[in-house]
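Residue numbers (the UniProt record's numbering): 1 to 118.
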């Protein structure tokens, strides 16, 4: 449920942009509108850039995956395709893990994450 200001904003958007009565709004469209309203463009750009340069570094695999998931929302062009998404995830892992996973050729994030945590 949206909080007060966001609820007022969303009601206004529904009345103005969806005045034809089409109350079914795709989640991705809602997210795009919401971010445009409440997250400054420079912050969205910075988060997208952070995602593009994200590596595991000193994080655990689960911490890296959580950060990856959070930041991936700011780079939908990368994560829209599952193969590109898993490739980006694997390429950000520490080299010892990356080498092992590249050889196995995982096709989904779940497969890659599962293999990494073994």
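Using N, Cα and C, we set each Cβ at its ideal position, and we do this for glycine too.
- For the UniProt domain "Retrotransposon gag" (2 to 94), the continuous alpha helix (DSSP H) assignments of 4+ residues that do not extend past its boundaries occur at 4 to 17, 27 to 38, 41 to 53, 61 to 72, 76 to 79 and 82 to 91, in sequence order.
- By the Cβ test, the segment 47 to 57 is in contact with the segment 75 to 82, since at least three Cβ pairs between them sit closer than 8 Å.
- Around the Cβ of residue 62, a 10 Å sphere holds fewer than 16 other Cβ atoms; the residue is exposed.
- Residue 92 holds the alpha-carbon nearest to the alpha-carbon of residue 53 among 110, 92, 86 and 37.
- Scanning 12, 57, 60 and 55 for the CA closest to the CA of residue 37 turns up 12.
- Just so you know, the alpha carbons of residue 99 and residue 87 end up roughly 12 Å apart.
- Within the same chain, 92 come within 7 Å of residue 55 by CB-CB distance, once the 5 residues on both sides are set aside.
- The criterion of a C-beta distance shorter than 9 Å is satisfied by residue 85 and residue 72.
- Judged by their CB atoms, residue 6 and residue 34 are nearer to each other than the 9 Å cut-off.
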